[in-house]
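One structure below.
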Amino acid sequence: MSDTSYRLDIASVKPLAATVKAVPLAEAPEDLFQMVMAAKQDMLQLQYSQAPDTANNPTYAPYATVVVNGKVVAKIDNHGFVETTNAMHASCVDAIKAADAESSVLSGPELAQARARRIAEAVNGTINKAPTAMSQRAFDATPQPKMTFNYEAMQRDPEYAAIEQLKKAHAAFLAQHMEPQNSAA
6 MSDTSYRLDI ASVKPLAATV KAVPLAEAPE DLFQMVMAAK QDMLQLQYSQ APDTANNPTY
66 APYATVVVNG KVVAKIDNHG FVETTNAMHA SCVDAIKAAD AESSVLSGPE LAQARARRIA
126 EAVNGTINKA PTAMSQRAFD ATPQPKMTFN YEAMQRDPEY AAIEQLKKAH AAFLAQHMEP
186 QNSAA
């Protein structure tokens, strides 16, 4: 898919490094500094986070299956998450989008029901509701599992110290550049 309006003259291309002055991160503009620091902190926190065990949480239990000619073609849990084979994916994707558009909730058994119904219609299948299917009210009342986070271990990580040092250096840089403005006023 080539479009001549997007062609570039290679001779006019200059390396980005030729036009951009490198500055220490602590001296970067505030929006850039905050964006980079947020990414650094998120990556560090992710290393010390653990996903919850959802095996015994009823909100992750099966809601229904969609069956065609005795064969299960889709499994839907109480959240509305759909599991299907690659062969059935194309048949299910539009049905899932349609169910999402008509559903009044973003997650839960009402979404699961809408998705199961639309998938069954798309593949001429039937819905077998699981004994573990929940109502939306019960789903909403069930506490959702949370990520666990080891803050103490993260604080011992050398990257944590480096992030804290960058914050201090940035604060010092800002303070240094604010003093001349304050004295001029």
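Here my numbering = 1-based position in the sequence shown + 5. All C-beta atoms in this analysis are idealised placements derived from N, C-alpha and C, irrespective of residue type, glycine included. All values reported here derive from a predicted model rather than from experimental measurement.
Q) Does the region 148–165 come close enough to the region 91–108 to have 3 or more Cβ pairs within less than 8 angstroms? A) no
Q. Relative to the alpha-carbon of Q118, which residue among H84, A95, A92, G75 has its alpha-carbon at the smallest distance?
A. Checked all of H84, A95, A92, G75; the closest Cα to Q118 is H84.
Q: Count the CB pairs spanning the region 134–141 and the region 171–183 that are closer than 8 angstroms, and state whether there are at least three.
A: no
Q: Classify K172 as helix, strand or coil using the three-state DSSP reduction.
A: helix
(Q) Looking at the secondary structure, which residues open and close the beta strand (DSSP E) in which A79 lies? (A) Per DSSP, A79 belongs to the beta strand (DSSP E) from 76–82.
Q) Cα separation between E164 and S54? A) Approximately 15 angstroms between the Cα atoms of the pair.
Q.
If you measure between the beta carbons of A92 and R123, is that distance less than 8 angstroms?
A. Contact flag unset, no.
**Q.** Within 8 angstroms, strictly: CB atoms of S96 and A69
**A.** no
Q | Expected contact under 8 angstroms - CB spacing of A31 and F178 to nearest Å | A | 5 angstroms
**Q.** V55 in three-state terms, based on DSSP
**A.** According to the sequence displayed, residue 55 carries Gln and not Val. Strand at Q55.
Q) Distance, Cα to Cα, D58 vs P150? A) 8 angstroms
Q: Kindly list the residues whose CB is nearer than 7 angstroms to the CB of S140, restricted to its own chain and excluding five residues on each side of it in sequence; keep chain order.
A: P114
Q) If you count every other CB in all the chains shown that lies within 10 Å of the CB of I101, and 16 or more means buried, which is it? A) buried
Q) How many whole angstroms separate the CB atoms of K76 and E88, which I take to be in contact at a CB cut-off of 8 angstroms? A) Contact doesn't hold; Cβ gap of about 14 angstroms is too wide.
Q. Skipping 5 residues on each side, what residues in its chain have a beta carbon closer than 6 angstroms to that of V73?
A. V128, G130
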